[in-house]
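Residues in the sequence shown are numbered from 22 upward in steps of one, following the numbering used here.
Structure, as structure tokens:
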Amino acid sequence: MKKSLRIILILCLIASVASSFFIHWLAGAMMIVTLTFLGCIAYAHSQHRKRKIVDLTMQLRRLLQGDYRFDFGAFEEGELEVLSSDLGKLVISYREQADALLRDKVWLSNSLSDISHQLKTPITSMNVLIELLKDSELDETQRVEFVHRLGRQINRLDWLVRNLLILSKLDAESIVYSKENITCHQLLLQALEPMQINFELKEQPVRLSGQIETVIEVDRNWTAEALTNILKNASEHGPIGKAIEIRVIDGPMTTAIEITNEGEIAPQDMQHLFTRFYRGSHAHEDSVGIGLAICRAITLQQGAQVEVESGEGLTAFRMRFPK
Numbered sequence: 022m023k024k025s026l027r028i029i030l031i032l033c034l035i036a037s038v039a040s041s042f043f044i045h046w047l048a049g050a051m052m053i054v055t056l057t058f059l060g061c062i063a064y065a066h067s068q069h070r071k072r073k074i075v076d077l078t079m080q081l082r083r084l085l086q087g088d089y090r091f092d093f094g095a096f097e098e099g100e101l102e103v104l105s106s107d108l109g110k111l112v113i114s115y116r117e118q119a120d121a122l123l124r125d126k127v128w129l130s131n132s133l134s135d136i137s138h139q140l141k142t143p144i145t146s147m148n149v150l151i152e153l154l155k156d157s158e159l160d161e162t163q164r165v166e167f168v169h170r171l172g173r174q175i176n177r178l179d180w181l182v183r184n185l186l187i188l189s190k191l192d193a194e195s196i197v198y199s200k201e202n203i204t205c206h207q208l209l210l211q212a213l214e215p216m217q218i219n220f221e222l223k224e225q226p227v228r229l230s231g232q233i234e235t236v237i238e239v240d241r242n243w244t245a246e247a248l249t250n251i252l253k254n255a256s257e258h259g260p261i262g263k264a265i266e267i268r269v270i271d272g273p274m275t276t277a278i279e280i281t282n283e284g285e286i287a288p289q290d291m292q293h294l295f296t297r298f299y300r301g302s303h304a305h306e307d308s309v310g311i312g313l314a315i316c317r318a319i320t321l322q323q324g325a326q327v328e329v330e331s332g333e334g335l336t337a338f339r340m341r342f343p344k
């Protein structure tokens with residue numbers, strides 16, 4: 022269709038030039054000069070447009086090869102400007118996706134290395150203990166001790182695998198939180214239950230105070246899991262025989278659960294407290310460094326906050342739940 026219109030237009034121009042010559046030769050000559058000039062302009066514009074299209078094609082080829090540099094100012098006219106703008110947005114989106122994939126790849130590699138290291142320690146200990154138990158000359162006292170140590174390593178491995186699975190679910194954001202109204206007192210009793218033996222062994226009394234009957238809306242089980250991890254940290258780093266204080270503070274905008282133990286966190290450890298697999302300078306030998314990372318993820322995914330303060334011989338973790 023466009024080709025037919027061009028032919029008709031050219032024929033009309035030729036007819037116009039011919040009629041001009043018949044009318045007056047000077048008018049005809051001026052018409053020829055004008056048409057020649059317009060033709061040159063049209064040809065130059067066409068060549069310029071072709072070069073821009075070639076440049077755009079080359080940039081797209083570089084994009085396919087992983088080169089995300091894109092010259093947004095190279096196309097400043099008409100349809101090419103619109104096309105260039107849309108392609109520029111596409112390039113930015115691809116670049117962000119590529120950067121995110123690279124970060125995920127590095128994170129996965131580091132996580133697998135950390136997980137492998139964490140699993141290797143108890144498995145190695147278990148293998149050593151099994152070899153020792155094979156010794157026929159081992160007396161009964163030693164045999165019972167090795168069996169107990171083997172049991173502790175099995176429990177540690179079970180705990181580690183369980184928490185690694187929780188961490189993977191949190192990373193994938195695949196946990197569906199079932200929120201319900203529950204008093205802080207009920208929630209704390211559930212969180213404290215797995216820690217009773219630890220507190221008894223270290224003779225650490227737990228004291229509840231504040232507005233413990235305040236009702237908050239949270240996922241009961243997952244929030245108790247997060248609180249248990251804070252309590253575990255408080256017990257491990259708190260001195261023997263010293264109380265762990267739990268206080269509920271009901272404010273106008275949030276309800277806070279504060280867990281305080283004696284002892285300070287080293288300044289160099291403060292910024293890494295919630296980093297997975299980070300073991301502080303005073304960490305217990307069996308510490309893995311994922312409990313507080315789990316706590317933070319559970320808290321944030323429910324729209325709450327967790328913070329920590331340490332100084333003057335005390336450390337306080339505070340979970341804030343919005344109203």
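Ideal placement from N, C-alpha and C gives every residue a C-beta, glycine not left out.
Query raised in the report: So the beta strand (DSSP E) Lys-348 belongs to, where does it begin and stop?
Result: One cannot answer for residue 348 here, as it falls past the ends of the chain, which runs 22 to 344.
Query raised in the report: The alpha helix (DSSP H) with Ser-256 in it runs from where to where?
Result: 241-258 is the extent of the alpha helix (DSSP H) around Ser-256.
Report task. Examine the Cβ distances between the stretch 166-174 and the stretch 139-147 and report whether three or more of them are shorter than 8 Å. Result -> yes
Query raised in the report: Shortest alpha-carbon distance to Ile-261 belongs to which of Glu-221, Thr-336 and Ser-199?
Result: Glu-221
Query raised in the report: Using a Cβ-Cβ cut-off of 7 Å (strictly less than) and excluding sequence neighbours within five positions of Glu-328, which residues of its own chain qualify?
Result: Arg-339
Query - From Asp-156, Gly-312 and Asn-254, residue whose alpha carbon lies closest to that of Gly-284 - result: Asn-254
Query - Thr-235 and Val-269 closer than 8 Å at C-beta - result: yes
Requested in this report: Return the CA-CA distance between Phe-342 and Ala-119, expressed in angstroms with no decimal places.
Outcome: 36 Å
Query raised in the report: In whole angstroms, what separates the C-alpha of Pro-273 from that of Thr-336?
Result: 25 Å
Requested in this report: Check the C-beta distance from Arg-300 over to Leu-188 and give it rounded, since I have them as a contact under 8 Å.
Outcome: With 8 Å as the limit, Arg-300 and Leu-188 do not qualify as a contact, their Cβ atoms being about 16 Å apart.
Report task. Find the nearest neighbour of Leu-185 within the set Gln-322, Leu-140, Glu-158 and Cys-205, judged by alpha-carbon distance. Result -> It is Leu-140.
Query raised in the report: Between the beta-carbon of Lys-200 and the beta-carbon of Thr-275, is there less than 8 Å?
Result: no
Query raised in the report: Of all the alpha helix (DSSP H) runs that stay within the bounds of the stretch 286-335, which reach a length of 4 or more residues?
Result: Residue ranges of uninterrupted alpha helix (DSSP H) with 4 or more members, entirely inside the stretch 286-335 and ordered along the chain, are 288-291 and 312-322.
**Report entry** Nearest candidate by alpha-carbon position, reference Glu-246, set Lys-73, Val-239, Ile-136 and Cys-316
**Finding:** Cα-wise, what sits closest to Glu-246 is Cys-316.
Report task. Could you spell out the range, first to last residue, of the beta strand (DSSP E) harbouring Thr-235? Result -> It is not in any beta strand (DSSP E) - Thr-235 carries neither H nor E in the DSSP assignment.
Query raised in the report: Tell me which same chain residues have a C-beta within less than 8 Å of the C-beta of Trp-243, skipping the five on either side of it?
Result: Ile-196, Tyr-198, Ile-319 and Gln-323
Requested in this report: Assuming Asp-271 and Gln-232 form a contact by the criterion Cβ under 8 Å, report the distance between their Cβ atoms to the nearest whole angstrom.
Outcome: 4 Å
Query - Spatial distance of Glu-330 from Leu-313 (CA atoms) - result: 14 Å
Report task. Could you say which of Ser-134, Gln-207 and Ile-136 lies nearest to Glu-238 if we only look at CA atoms? Result -> Gln-207
Query raised in the report: Per DSSP, Val-227 is paired with what?
Result: The partner list for Val-227 (beta bridge, DSSP) reads Ile-265.
Query raised in the report: In its own chain, which residues sit with a C-beta less than 6 Å from the C-beta of Leu-154, not counting the 5 before and 5 after it?
Result: Phe-167
Query raised in the report: Cα-Cα, which of Asp-156, Leu-248 and Ser-256 is closest to Ala-277?
Result: Leu-248
Query raised in the report: Is the distance from the Cβ of Glu-266 to the Cβ of Thr-281 below 8 Å?
Result: Taking C-beta atoms as the reference points, Glu-266 and Thr-281 count as a pair closer than 8 Å.
Report task. Work out the CA separation of Pro-215 and Ala-264 for me, nearest whole Å. Result -> 17 Å
Query raised in the report: Looking at the unbroken beta strand (DSSP E) that takes in Ile-278, where does it start and where does it end?
Result: 275-283
Report task. Could you check which residue in Leu-252, Ile-286 and Leu-122 has the C-alpha nearest to that of Ile-218? Result -> Leu-252
Query raised in the report: Can you tell me the Cα-Cα spacing of Thr-204 and Pro-226, whole angstroms?
Result: 22 Å
Requested in this report: Look up Asp-271 in the DSSP assignment and say whether it is helix, strand or coil.
Outcome: strand
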